[in-house]
Structure formats: structure tokens, C-alpha cells
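Residue numbers (this note's numbering), protein chains in the order written: chain A, 38 to 525; chain B, 189 to 532; chain C, 189 to 532; chain D, 77 to 396. Ideal placement from N, C-alpha and C gives every residue a C-beta, glycine not left out. Report on the following structure.
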Ligand SMILES: Nc1ncnc2c1ncn2[C@@H]1O[C@H](COP(=O)(O)OP(=O)(O)OP(=O)(O)O)[C@@H](O)[C@H]1O
Ligand SMILES: Nc1ncnc2c1ncn2[C@@H]1O[C@H](COP(=O)(O)OP(=O)(O)OP(=O)(O)O)[C@@H](O)[C@H]1O
Ligand SMILES: [Mg+2]
Ligand SMILES: [Mg+2]
């Protein structure tokens, strides 16, 4: 199969075979063409060349509905949910159960509830999708794919925003499916995960397949080398930093039903992690500090001085930055160019006018240092691959000279190499004496990069753990409430 | 051993708190829904109350009859516009379409001697053809709805003028007047028509595939496409529906003056869109209800009626209706927000 | 060993092909950009060419002068509308605002004897005040732009009628006519004004914070807010700008007929929005350019001019202008798509 | 169910009970459209008449476009429901408004037409109007005289489908038929907008630089056409015959840009119309229709006191 976009050969002459009951992982750097290849299989995009055969029979292109009827279901990387419809309505979109020419809403809700339970999501199916958190949307997206009687389920980075328990639930579902002879095509940037579930691994680079190997023949260094083209010394390059004065102190932040009396402080040169289950309130806390959401109570001290932050504009003025977890809705101006998105929080000005040359330089630099794969720095962001979009948001906040930076799920959808490079940059920022708060659902990241980890549970600070005491068990225990730790 | 125990405990804790969350949110959604309907109607109710206090005529049968009969035309078209706007589209051609439907429908009566009920169907079908044109321009030629229907607004108006060289159609059977002004057992026929159209449209919007896909397309067209919905076909159906309703409304309007008027409906599109938006629809798609649209249409009509009843200086009328619309929508939003917060 | 060799080879190959790819792609983007501008102008050029073939008068200085002077009013307002529409907003009140600015501006001249340049400034400022009202309703009261400006359309029209009881303002100094119809060294003053306004607006839109934020707000308001952009302040500025331009355009229109006309600008909002959308702006925000808007405004003006030159019956004019707009926009889209593919 | 056509009666007895010779009465006056000098003169005339009567309240209301027939029907129906005693209105459509007149009469509301009546005109509904068509014929005669019966001319009508417009257009063309030497080379609507009138006249002058005469059929058309001619440097060289009497139109006559204006007497229509309605309500008088007459205003009769009374009507000096 091949696929050309204006200016990009996204998929280049790829051969792929999938067998019943196997978990076939597709790996590769951002922009390698993984998502595009999947979209060719689910007939969302029309291939420029190539054919698909199912059980020996060649299949023609008729669009996504046809692919569904052939038993191909897909979980999209950029969620394909309609925010104004309810969870149940989204799950059965295009395949509504009918009764006498009308939609059978009772059955629809009933079936939706069953499917939600299967992916371990406790949600009312009548709730609007626009009220869901990113992680919840991801689970709905998965449940939606399960609603199709599929022979092949394609999952494009389903775990990018999920934490431990949800991932376990997902793996359980996957093994149920494969036991029934259903094939899984799985894209992920998380190496441990790949090795856990893969039967075979296909590595893509620049639109072409580099290799397809059985799980047994690959180990981590080899996989990285296949993807990146060279070895990576250290996935988590944490630098030695000098931890200085307290820059930001948060006291008693509360907001009805979301945050309860949350306090913490972060010092210059320190990387503080936020851990917790989905919906624990990490995002809410960061947004509250940043002034993106109002609070009912709480005080904020910046370098010892009490400050009031009611708007993000004020926070940025004071040197606080916040990188959102929801790049699509809150992060990117989708129909603007890469360059304009990168400089959005801090425009390069010269005598009252925009300095377009400097803007271009900044964007080019960011492109190179984060390896943003784009045909041009003026390319509209919506045409980039998911991981590259994420890099653009990251680049924006690296550009601002904020003293305190909140990174909410910064590695969401980023490939290994870029992750390592991003962590290196974050480390450098810390070295420069900035305070970093890193929110992540992927514990190894926090354990390796942070000086301290704050664990949240149900809107409360369940505990703050020093680096010496770091252990996965302890943090999970705090996050699930199995152990109450007095704030250190 | 300890581990499993802890996990069980964990799971339970999560479970219950999540369960609680669900109940809370559902209640919230439901309440907010009901509140939205009520709040929207609220503005209408308050304006009506004020009017009935200051003008003894307001609540008389005759006056209410007038309001209903006058609003029927706008409301019927606005019901179609609700579908269009929910898909994140717009139809600027409704005024011209109504005029064309009205002119050709009445011409059928006066020239070919068609009976009036058949002519009404004819007028509606003419509107449907125009709607089909809009649909094809949007889905086939890929024009955006604004441009497609802006052009159609101009083209349909030109065709209307051309049919009779911009002269009205007269000499229609007196019975034809029933459609827009008759009574069945003391119930205004336009009211009956409006209620039937509204109920059917409401069912269509909330209970059928067409309705569901209307919201889906407007909410996230890409998602709708990925879910395998044949977007083009549904969009065409929606613009045809809008056209049919506009043509039909054109016949109601003609019936009210028992003649075909080539200049009918100039500027009507703005009234219709306003009714829809005041009723809570979003021009960005995905949002809107039939009941809201009806409330919007009646709000506009009641304000106009009130200005006349109260003998308000003509030039102040414009100022007042503008201000009342601001207040009504502002109050509506305010109420919704408050109820949404309270129900959290 | 074999493996590494192959990889090294691969890496190299990739590098150079990627480099080549980038060069090619950048060229592609550039070309597509240029093509987009050209394609938009293309429709205008083709229509003009056709006209110059069928009417020998079309290309005369006098006729071109007339077209420019006639378009200045629409184009100046459409320039403001470009900002508004890029923010995903809309301003329905521009016609009324222009009328109010024109009436009060001319009244200042005729009643207080203000010199005409000052009165022009006065008219523009009146427009600015109306724009401020819109801005506050949108950001302060949180009304959506459609409702806020729909109400303002009505309110401003009412105020316009109230100023003189809906009678025109006459007896203005003859010099005032220069603004809309004068010549400087054989160059039409409205052209000079239009060029200056367009250049300033283009710079504002592409080279300043205001312009950049205009796009950002329209593309993703939440992202803009989280990037620290004080959205309210910028939106107000944009609606004030639109108001100023509308008031100013109202004075140009008054100057053209050397009188204040209370009914000026009814329905103008649709013309203005059409110019902007034909020029490539999206009602969903984030897209639009000044040059595109100018092309859109001139396309409409040239079609109208052609219809009069050829003395086409009004009824056919409507049909023709609708169809030409369809064709122009369709052709524009088609060309862009083709060029984008060709530049691969 | 029984299907009937609604027959609204006056909503309240209170307004209608004022048949008594001196009781308070309410008269609604509805023009074809608002926002033009012409209708404002009607307004002034009616206001003046109402002020001279005792216990008479006048309500002035109208739609914004002369072609908004349905809007006017709605408005009048609202007045009938409200229960006014008298209805003075200018019909936007002669045939379509007949039923409204009948409704009002059924509701025992006295009706008077001004400017434009209905077809048929009920015997008990007097009409105070000018004969638009006959006056337009005379306008054509005037144009022909000024041009010596030959030359290219242009016509600026105002609103397609408006009854007044159609009458004037028909009259003008009827008049032209008498002069084979006059060649009508362009006909473009002004949409009752001065700027549009200016635009189309400019374009017509571009297409036909040899035009020697223009007839513009209402105020905005005349204002725009006169501007266009002046700006083209052809003031005095092109004969303009216009309609209505806005200040700048009069000034145009003074300056020689406009050759003649057909001036109606809207003040008188309003004045007489309201008085008639009051009489009909108070004493049940039979009032007869009346042609309120037109004046051809030219430079040479501009200062005639009679003409001045028509041009500058006021309640102190009504042009009756
Ligand atoms: N619609 C489109 N138009 C133009 N280019 C596109 C489009 N969709 C994808 N691309 C480009 O195709 C290439 C492959 O994208 P794809 O989304 O398949 O990458 P990916 O391997 O899924 O990356 P990631 O890991 O970041 O999700 C990228 O360079 C991307 O910019
Ligand atoms: N728009 C919303 N409406 C209602 N509830 C919401 C909304 N957004 C988030 N929530 C709920 O608020 C709680 C806190 O969510 P938040 O996103 O802050 O959690 P988190 O710890 O950042 O987890 P994650 O980001 O991993 O989902 C969750 O229960 C979530 O479902
Ligand atoms: Mg991808
Ligand atoms: Mg989060």
C-alpha cells in the first residue's frame, strides 16, 4: 500500500500480513506513517496504490462503512467522537439499533452500559461526551470499536492517556478478543507495553516497513535501533540540578467536588511529579494554579509573595506556564501553521510589530531540537501526525521563559527518541533554575525524572514522596488509597 | 495475601465513588436540560406576562390568534432551519424559496385551476426542488452552505420575479384563505398546522436516524464520516426538508393575503435564523431543539405585537425589540448557568 | 554486519531524500499560497475579461473609476468584517451602524456647522461607539456575536430613525462630496482611501499582535486563552475597529450622495459578509485575508456593474449574480485543489 | 369540525364605544413604509389634523419596505384586534389588502385610504390620493418637451413589485409611446436607495454617454441620479425629471440640475385622511374620495406661494 499527501509520502509501498488471533504491534517514530497505514486499512483514506485482501479475496475501496461491514473496527488516535452526542449515541453512531423505523433508545443505552463495563469505565451512557476527560474519551472510543462485530480491531495509541488500572482492563479485553480469533493491530510508543502484548512487531520508518519480527526475536535496544536508526544511551536523561529556593507555594486550593484543600510547593531546579489515577484531579489542580479555572479557596505564593491569578494571562505574566493534556481542544490552533502555534504564548516583537524573521528562526530551531516532522514550518498543525502535534505544544512552552512550568502529560503520543530529547530539554530547564511540575500517567517517567512525586486521589493530595523513597508500589498504594502517607 | 486484599478494597473504593459520580452527573445533565427548556420559555413567559399586565387586549382570543397566525410562517421555516443549523449549515435562501413556492403555487391555482390543497403541495414541492439544488451545491460541488444558499437566494428571487414579471397573483379561490386564516372548531388552522409540523419535526430530530445524524454531522463531521454515515445523502435530505417547509410556508403566507406576492420574504432569513439562535441553536452546529426554535419565533412575534398594542413610537420599536432580544437571551444564559452550577 | 551496513545506507538515503522532500514541499506550500491568491483573483479577472469583451465601455477609465468608488463603501466595511469573521464572530449591525454614523456625521455638519473632515471623524467615532457596544455585549454579557449584533442592528436602525424622524439630511457643503467622489491628480479619492485602509488593515492583520491574536482566537479560543491572550480585550478592540470602519464607510456613502440617508445600508451586512466569505474567510474562524476580501467585494461589484452596462433586466440580474458567485467560488476551490496536488 | 374563516371583531368594547360625538377616539395611521421624506410629510399632516381635533389619539406605525405586503397585513390586523376606531392607511397591494379593509369594516372600524387604495375600493372607504399613472404620463410629456421629442433616455424606477412603482412605470411608458423620437435605452432599479441610484446612473452614463434625459420615479432615485449627472459634469446638459420634493431635490431645481419635479401633496393626504376618519367615527359622515393633486415644480414656479405651501408644509400653513 502507498499513500501520498500533498508534499508527503506518508506510506510507501508497505506489505503487511495479519493473522487471526494475533496481536500485531506497529511501532515507529512520529510521522512514520503508522496512523495513515491504519486509516488505509479502515478505508478512511483512499490509497494511492496497493490492495487489501481478506482471506484471499481482494477488497475494493468503499469508505469506512464498508470496512466496518467487513469486520474492521478502529480506535482512532485523534478521537472520532461527537461532543454534543451522548456516550451511548456515539458508541452506536452509524449503527443505531432500530425498532419500527425509530431508534430504540432503551436498547442502545442498555448495550452501551454493557460495553462500558467491559472496558472498565463507570459512566452513565446518557452523559454528553463533551463533559468527559481525555482518558474517559479514550475508553469510550475503545468501547465504540468493541460494539462492532469485528474480525480485526485496530488500536491507535489507545493507552497514551491511561493509567495502570485502565491499561490492565484494556489488556484483559484484548486477550479475550484474541482468544476468539480476532486480530489486533496495535500502535504504541510505550516499549514495556509492546513487549507485554505483542505476538509480532512491525517497525515503520519514513512510510516504509523496516522489519516485521516475532516478539521473541526482538529486545528493547534492538527495537529502538530499528525505529530510530541508532542506539539511545538513556531514555530518561535526568541531569544533576541544584535545588534552590521555593518558587511556587500552593496552599489550600479547593474547588467544589474537584479539589479539596490541596497544598504543595515546588523549588527552583526541582522537577515535581503529579501521580494519580484517571480523574484524580491532577489536571484540575494544575489548571487552578494557572488560573484557567476558578477556585473557591486557596492562596498562591510566588517567590514568597502572595499573588492572585484569575486568568491564564496573569499567570503567564508572572512566569507560570501550563502545557495542556488536551492538545486538540485546549492546545492547538488547528488551522494555523506550526510556527504560529509555537510562538503563540510569546510573540517575538520588534518595535510594536511582529518579528517574522525571528519567529521563523524560533520555529526552525524548535523543529530541529524536537524533531518535528513537517513538510514546512508553515504547515497547518491539523495535518501533522499526533505525536508531532504534541511536540508543537511542547515547543510553545519551552519557548516561554516561565519560571514555573506545568507539563500535563507531555509525552502523550511522542516516540522514544523525541521523549528522551524532550526530557533532556526539561532537565536543562530545571538546571537553569526553573521549577517544573510534570503530570504523567506513566509511572516510570515520573520515577526516573522527578525529585519528588505528589500523589493525588479523589481531588486530595494523598501524599508527597521524596526521591529516596520512590517505588512503584508506594505510589500506587497512595493513588488507590491503600495507604495514607502523612505529607512529608 | 495482603496485596489481593488491598486491591479488593481499592476496587471497592473506586467503584463506589465512581458510582456516586455517575448519579451526580446524570442528575446534573437532566436538570440542566430541563432548565434550559424552561429558561428559554421563561423569557417568553415573562415578556407575555408584562404585556398582559399593561395591555388588556394582549390575552384576548383575537390577539392570540393573530400572533399564532402571524408566527406560523416564520416558525414553520425556522423548524427547517433548526435542522440546517444543527448540521453547522445555514440557509439564506428560505425567504426567496418561500416567495417562489408561493408564487408558483398560486399560479397553479389561478392558471391551471388546480384545487388549493394540491396547489399547496405543489408550492411545497417547488421549495423542495430549490432545497435539492442547495443540497447538491453543498455536497456535490462542495460549496460552503453560506455561498451556496446566498447564490440561491438571489437566483430564486430572480426566478420569482420572472414568473410574472414581478406582478402579484390574484383571483384565487376564497377557500384558499382557510390555510392561513381559517378556524376548525374555533382552533386556528395555522396553529393546527404548526403543532403538527413541530411534533413531526421533533420526532424526526430526536427519534430517527436522520435526526441523530443531523446532530452528529454538526457536532463533528469527521467523526460522522469515520462512523460510516453517508453525510452527503443526509445533508441533501436536510436541505430538501428545509426547502419543502419554506415552500409550504410560502403557501401559508400567500393564503394569508389570498394572493401570490413576488416580494414576500425579503429579509425573512434573518428572522428565521434569529428565532433558531434565540431558541438555543448554535451556528457552530451540534446544538438546537424544535421547542427552543418555537419559543424563539414566538418571542420575536410577541415583542412586535406588544409594540403595536402599546402604541410605541415606531422608531423606538426597533430599539426596544433589539434590547428585548438581548435581555431575553442574556437572561436565558444566566438562568442556565445558575441552574447548571446549582445542580453540580 | 550486513544489518548495520544496510542501516547506514538507509539513513543516508533517507537523509538526502528527506532534504529533497523538504525543499520540494516548501516550494509546494509557497506555490500553493501564491496559487490561492491568484486563483481567487482569477475568478475576478475572468469575469472582468468576459465583460470587457462584451462591453467596450467596461475598461474605460470612467467605468473603472465608478466601480472603485462604488465598491469603496462595501470594501471598507468588509475589511473590518474580515477581522470579525476570522475570530469566528459575525457583525450583522454594520449596515445600521453605517447609517447611524452617516446620519449623525452629516447632522453635525448641517446643524453645528462642523467642517467636513471633522464630521467624517465624528461619523467614524459614532460607529466606534456602536462597535464598543457590540464588543461589550459579546465579552461582558457573554452574548453570542450573532445575537448581540442582531439586536444592535435593530437598535442602531431605530436610533438612526430617531435622529431625524427618518428624514434625510440635506443641504451639506459641496466639498463634502470629495470624500466619495473626488480626484487627486486623476486618482479617485475613494481608491486612495481604500488602498490606505487595506494596507493598514493588512499590516495590522499580519504584522501585529492584534492580528495574530485575531487568528488564534478564531482558530481555537480556549487554546488562545490558555496561551495567555486576554481574549475579551482583543475582541472588544476588533468590534470597535469594525464599528469605526462602518461609521467611516457610512460617511463615504453619505458623501457620495451629499446627504444623510436614514435607510442606507439595509441588507448591506449580507453583501459585506458575502465579500468576505467569497474572499476565502471561513465563518468558523481562523481563516481569511484582506486581499481575499477585496477580491470578493470587487467581484460582486463587477458583476453588478456588468449587469447595468449590458442593461440586463433586474430579474435576470438576480439569477446571473447568484450563478456567477457559485461559479466563481467553485472555480476558486477547484483551482486551489488542483494546484495543491500539482505542487506535490 | 366546522371550518370557517376567522372574523375578528374589535377586541375590546372600550375603544369602539367612542362613537359619541366627543368621546376619546383612537386612529391608526399606516403608511406604505417608513423612512422617507414623503411618508414623513403624511405623518406631519396627520399629526397636525389630530392636534386640531379634540380627544383624538393618533398612532403611527408601518413596515420598513413598501413591498412587505404580509407585514402590513399583520400590522393592520393587530390594529383591528387592538380595537382602534379608525384606520387610515396606504395599501401596499391593492388587491391583497381588500380583505383587511373588509375585516376592519366588519369590526365596525372606519377605514380611509391615503396614497393608494384597494381594488375594489368599497363605497364607504374614501381614498385621498394622487393619480400616479396620469401624473407619470405628464412627466413623460415634460421630458419630451424639454428634449424636443427626440434623444436617448434612461428610466430609474425604484422597487420591483411595488404598486406605486408599477403605476408610475406604466404611466411613464404610456406617455413615451406618444414620442417615437425618444429612445429608452436603460431601465435600472434604485431599490429606493440613493447610493444604488447613484451607482446605476453612473453605470448607465458609462454605457450610454449620449443620454440626454432621465426620469427617476422617487426621492432616492432623484438624489442619486442628480449626483451622478453632476459628477459626470453634465449638469444642465441632461434633463432630469424627478418625483417628490426632498430639500436637495428642490435645490437641484434651483441649481438647474433637475428640470422638473412631480410633487404630490402628502401632507394633505395625511391631514384630510385623518380628518375624514374622525368625522366618520364621530358623526358617521359619508366622505367622498378626493384627488389631492400634483404640482409640477420647475425653476420658474418655485417661488409661487402656492408651490411653496406644498413644498414647505407646516401646521400653521397647511397646503390645502
Ligand atoms: N491529511 C494529511 N495531509 C497532509 N499530510 C498528512 C495528512 N495526514 C498525515 N499527514 C502526514 O503524513 C505523515 C504520516 O503521518 P501519520 O499520522 O501516519 O504518522 P504516525 O506514524 O501515526 O505518527 P504519530 O506517532 O505521531 O502518531 C506525517 O508526516 C503527517 O504530517
Ligand atoms: N468537563 C467536565 N465536566 C464534568 N466533569 C469533569 C469534566 N472534566 C473533568 N471532569 C471530572 O473531574 C475529575 C478530575 O478530572 P482531571 O482531568 O482533573 O483528572 P486527572 O487527575 O488529571 O486525570 P486524567 O487527566 O488522567 O484524566 C474527574 O472525575 C473528571 O471526570
Ligand atoms: Mg499516529
Ligand atoms: Mg489529566
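By the 10 Å Cβ neighbour count, where 16 or more other Cβ atoms means buried, how is residue i classified, buried or exposed?
i                      : result
residue 159 of chain D : buried
residue 361 of chain D : exposed
residue 56 of chain A  : exposed
residue 137 of chain A : exposed
residue 306 of chain B : exposed
residue 359 of chain D : exposed
residue 333 of chain C : buried
residue 494 of chain A : buried
residue 386 of chain A : exposed
residue 237 of chain B : exposed
Would you mind stating whether residue i and residue j have Cβ atoms separated by less than 8 Å?
i                      : j                      : result
residue 356 of chain C : residue 298 of chain C : no
residue 181 of chain D : residue 165 of chain D : no
residue 368 of chain A : residue 411 of chain C : yes
residue 370 of chain A : residue 407 of chain A : no
residue 354 of chain D : residue 110 of chain D : no
residue 318 of chain D : residue 266 of chain D : no
residue 87 of chain A  : residue 135 of chain A : no
residue 391 of chain A : residue 435 of chain A : no
residue 281 of chain C : residue 327 of chain C : no
residue 414 of chain A : residue 474 of chain A : no
residue 350 of chain A : residue 416 of chain C : yes
Kindly indicate which residue of the options has the alpha-carbon position closest to the one of residue i.
i                      : options                       : result
residue 215 of chain D : D:132, D:356, D:263 and D:247 : D:247
residue 231 of chain D : D:120, D:168, D:174 and D:281 : D:281
residue 422 of chain B : B:272, B:438 and B:487        : B:272
residue 145 of chain D : D:188, D:106, D:131 and D:127 : D:106
residue 426 of chain A : A:393, A:363 and A:441        : A:363
residue 46 of chain A  : A:80, A:70, A:54 and A:59     : A:70
residue 183 of chain D : D:162, D:137 and D:344        : D:162
residue 253 of chain D : D:220, D:269 and D:224        : D:220
Verify the contact flag: residue i, CB atom, against every heavy atom of ligand 5, threshold strictly below 7 Å.
i                      : result
residue 404 of chain B : In terms of ligand content, the structure shown lacks ligand 5 and carries ligand 1, ligand 2, ligand 3 and ligand 4 instead.
Since I believe residue j is in contact with residue i (beta carbons under 8 Å), could you give me their beta-carbon distance rounded to a whole number of angstroms?
i                      : j                      : result
residue 311 of chain C : residue 436 of chain C : 7 Å
residue 372 of chain B : residue 385 of chain B : Incorrect: roughly 16 Å between the Cβ atoms, too far for contact.
residue 196 of chain A : residue 207 of chain A : 7 Å
residue 347 of chain B : residue 507 of chain C : 7 Å
With 8 Å set as the bound, which would you pick, yes or no: does the beta-carbon of residue i sit closer than that to a beta-carbon of chain F?
i                      : result
residue 120 of chain A : As a matter of chain content, chain F is missing from the structure shown, whose protein chains are A, B, C and D.
Please list the residues of the segment 212-235 of chain A that have a C-beta atom closer than 7 Å to any C-beta atom in chain C, keeping them in chain order.
Residues: none.
When you check each C-beta in the segment 467-494 of chain B against every C-beta of chain A, which residues fall closer than 7 Å?
From the segment 467-494 of chain B, only 474 and 475 have a Cβ closer than 7 Å to chain A.
Check distances from the C-beta atoms of the segment 202-213 of chain D to those of chain C and list, in chain order, the residues that come in under 9 Å.
Cβ contacts with chain C: none found.
Can you list, in chain order, the residues of the segment 334-347 of chain B whose Cβ is nearer than 9 Å to any Cβ on chain C?
Per Cβ criterion, the list reads 334, 335, 336, 338, 339, 340, 341, 342, 343, 344, 345, 346 and 347.
Name the residues in the segment 311-337 of chain D whose C-beta lies less than 8 Å from a C-beta of chain C; which are they?
Those residues of the segment 311-337 of chain D that come within reach of chain C (Cβ to Cβ, closer than 8 Å) are 322, 323, 324 and 327.
The segment 341-356 of chain A: which residues have C-beta closer than 9 Å to a C-beta of chain C, in chain order?
Residues passing the 9 Å Cβ filter: 348, 349, 350, 351, 352, 353 and 354.
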